[in-house]
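Asks: Following this message is one structure expressed as C-alpha cells.
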Amino acid sequence: MNKLQYEKCQEEITRCNRLYQGFSDASSFISAVCSAAYEYFKAHPVKSLPVYDQDEAEESIRAGRSLALNPPLNSKAVVRLLKSFGEAIAKANPKLKATVKEMNNYLDQFLHDSPEELGREDIFNLQDSMIKDTELEEDLATFLFSFLIYSFYRQYLQTISEVLRTDLWEGGDCPLCGAKPHYGLLRSEDGAKQLQCWTCGTQWLHTRIKCPFCDNTDMEKLGFFTVEDNEKVRVNYCQKCCQYYKIFDARKFHADGDVVLAIHNLASLTHDLLARREGFTPGSGLEWVNKDEIIEAQD
Ligand SMILES: [Zn+2]
Ligand SMILES: [Zn+2]
-17 MNKLQYEKCQ
-7 EEITRCNRLY
3 QGFSDASSFI
13 SAVCSAAYEY
23 FKAHPVKSLP
33 VYDQDEAEES
43 IRAGRSLALN
53 PPLNSKAVVR
63 LLKSFGEAIA
73 KANPKLKATV
83 KEMNNYLDQF
93 LHDSPEELGR
103 EDIFNLQDSM
113 IKDTELEEDL
123 ATFLFSFLIY
133 SFYRQYLQTI
143 SEVLRTDLWE
153 GGDCPLCGAK
163 PHYGLLRSED
173 GAKQLQCWTC
183 GTQWLHTRIK
193 CPFCDNTDME
203 KLGFFTVEDN
213 EKVRVNYCQK
223 CCQYYKIFDA
233 RKFHADGDVV
243 LAIHNLASLT
253 HDLLARREGF
263 TPGSGLEWVN
273 KDEIIEAQD
C-alpha cells in the first residue's frame, strides 16, 4: 500500500461511515490496519513488476485467457506484515492481545520451516492452518490475509493493471491475476456492472445477467436481494452453482472515479451472513462468516 492507496482507503472509510449504519464501530479497527500497512511499506517499499509484453497480454485476453500473474511473496515480508497487523489490532481491541501473541508464536515457527517465497496457495494454507491451530477466528483471518494479499498485489501489479486491455475481457475471473471476484459495482454514469478484483484491484466490465463463476445466463436462475433501507448493496446469486458475490450500486452514492470496494465490502459483511444463511457460498472463496454464526440461524 503506497501513500495514494492509503489516502484513498482512509477517504473510503470516511465515506462508508456515512453510508453504512453500524460501520463506525469496526472502522477504527480497519483504519488501524490500513495505517499499519502504510507504515510497513514506507519502511519496506516494493516495486511494481515491469510491464508485461503488451502484445502477448492482448493476445491472451482476446483468447479469453487470464494472464494469471501470481507473483510469489517473500516469506519474511509476509510474516512481518502480519505481525504489524497483529500489533495494530491488539492496540485497537485489547481483547485480542492473547490471540495476537499466539499468532506471533505460530508465525515464528512457520518462518523457521518455510521456503523463502510463498505462492498464493501457500498463503491460503497458512491462513487455514492458523484458523485450525490458533484462536484466530475465520472472519478476522479472512480480513487480515485478504488485506495482506491486496496490499502486496495491488503494488506489484498496478503498472500492468493500468495498461491491460480489460475492455476486451468477458470472463468472470480477474484478467490479470485470475482471482474470482467477491464484489463489483454498478457504475454511477450508466449502471454497467463492473467487477473489481479483491486481490490486485483490476476492474473490468461484465455482462449484468451472467454468473461470473459458472457463466450461467439463465435469467430464471440468477437474482439478487437487498436489505430494507439499504439499496446500495446487492447480493447477486446464482441458483445453478449456488454461489454469490456483492454488487454496490454507485448510482445510489454518487461516487465518481475509483471506489475502494474493499472497504464497502467490510462495511456490509452482514450481507455475506445473509447470503450464507440462504445457502449460497462465496464464489471468491473468501469466507467472511464464522461457521457458528451460520448454524445459529438454522437452529
Ligand atoms: Zn486480480
Ligand atoms: Zn453460477
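If you count by our numbering, then the sequence shown holds residues -17 to 281, one letter each, in order.
All residues carry an ideal CB built from backbone N, CA and C; glycine is no exception.
Source: prediction; values computed, not measured.
When we look at the beta-carbon of Lys214 and count the other beta-carbons within 10 Å, is it buried (16 or more) or exposed?
Replies: Here residue 214 refers to the residue found at position 232 of the sequence shown. Burial call: buried.
Asks: With H, G and I counted as helix, E and B as strand and the rest as coil, what does DSSP make of Lys162?
Replies: As a first step, residue 162 is located in the sequence shown; it is residue number 180 there, counting from the start. Looking at Lys162 - three-state DSSP - the assignment turns out to be coil, as it is neither helix nor strand.
Asks: Could you compute how far the alpha carbon of Ala14 sits from the alpha carbon of Glu21?
Replies: Here the question's residue 14 lines up with position 32 in the sequence shown. Here the question's residue 21 lines up with position 39 in the sequence shown. If I take the Cα positions, the gap works out to 11 Å.
Asks: Within the continuous beta strand (DSSP E) that includes Cys220, where are the two ends?
Replies: One-based indexing of the sequence shown puts residue 220 at position 238. From DSSP, the beta strand (DSSP E) with Cys220 extends over 212 to 220.
Asks: Measure the beta-carbon distance from Gly183 to Ala50 and round it to whole angstroms, keeping in mind my assumption that it falls under 8 Å.
Replies: As a first step, residue 183 must be located in the sequence shown, where it is residue number 201. As a first step, residue 50 must be located in the sequence shown, where it is residue number 68. Actually they are not in contact, since the Cβ atoms of Gly183 and Ala50 sit about 16 Å apart, beyond 8 Å.
Asks: Measure the alpha-carbon distance for Phe127 versus Gln3 and round it to whole angstroms.
Replies: Residue mapping note: residue 127 aligns to position 145 of the sequence shown, counting from 1. Residue mapping note: residue 3 aligns to position 21 of the sequence shown, counting from 1. C-alpha separation (whole angstroms): 25 Å.
Asks: Below 8 Å, how does it come out for the stretch 31 to 42 and the stretch 138 to 151: are there three or more Cβ pairs, yes or no?
Replies: Verdict: yes, contact present.
Asks: Under a three-way DSSP split, which group does Leu167 fall into?
Replies: Counted from its first residue, the sequence shown places residue 167 at position 185. Reduced to three states, the DSSP call for Leu167 is strand.
Asks: Going by the CB atoms, is the gap between Lys162 and Phe195 shorter than 9 Å?
Replies: Locating residue 195 in the sequence shown gives position 213, where the first residue counts as 1. Locating residue 162 in the sequence shown gives position 180, where the first residue counts as 1. Cβ atoms of Phe195 and Lys162: closer than 9 Å.
Asks: Provide the residue span of the alpha helix (DSSP H) that contains Val61, from first to last.
Replies: Numbered from its first residue, the sequence shown carries residue 61 at position 79. Residues 57 to 74.
Asks: When a residue counts only if its C-beta is closer than 7 Å to some heavy atom of ligand 2, which residues count, in chain order?
Replies: Checking every Cβ against the heavy atoms of ligand 2 under 7 Å gives Cys193, Phe195, Cys196, Asn198, Cys220, Lys222, Cys223, Gln225.
Asks: Does DSSP classify Glu120 as helix, strand or coil?
Replies: If you number the sequence shown from 1, residue 120 lands on position 138. Correct three-state label for Glu120: helix.
Asks: For the candidate residues Glu40, Trp180, Tyr135, Ala25, whose alpha-carbon lies nearest to that of Val241?
Replies: The sequence position of residue 241 within the sequence shown is 259, counting from 1. Among Glu40, Trp180, Tyr135, Ala25, the Cα nearest to that of Val241 is on Trp180.
Asks: May I ask which residues mark the beginning and end of the beta strand (DSSP E) holding Phe106?
Replies: Mapped onto the sequence shown, residue 106 falls at position 124. That residue, Phe106, is in no beta strand (DSSP E); its alpha helix (DSSP H) goes 102 to 115.
Asks: Near ligand 1, which residues have their beta-carbon less than 6 Å from any of its heavy atoms, given in chain order?
Replies: Here the residues come out as Cys156, Leu158, Cys159, Ala161, Cys179, Thr181, Cys182, Thr184.
Asks: Would you list the residues sitting across from Leu243 in a DSSP beta bridge?
Replies: Translated into positions along the sequence shown, residue 243 becomes position 261. BP columns for Leu243 are empty, so no partner.
Asks: With 16 as the cutoff for other CB atoms within 10 Å, does Arg216 come out buried or exposed?
Replies: For the purposes of this step, residue 216 is taken as the residue at position 234 of the sequence shown. So Arg216 counts as buried.
Asks: Spatial neighbours of Asp281 within its chain, please: CB distance less than 7 Å, with the 5 preceding and 5 following residues excluded, ordered by chain position.
Replies: As a first step, residue 281 must be located in the sequence shown, where it is residue number 299. Its pLDDT being 48, under 50, Asp281 is placed unreliably in this model, and the coordinates cannot settle the point.
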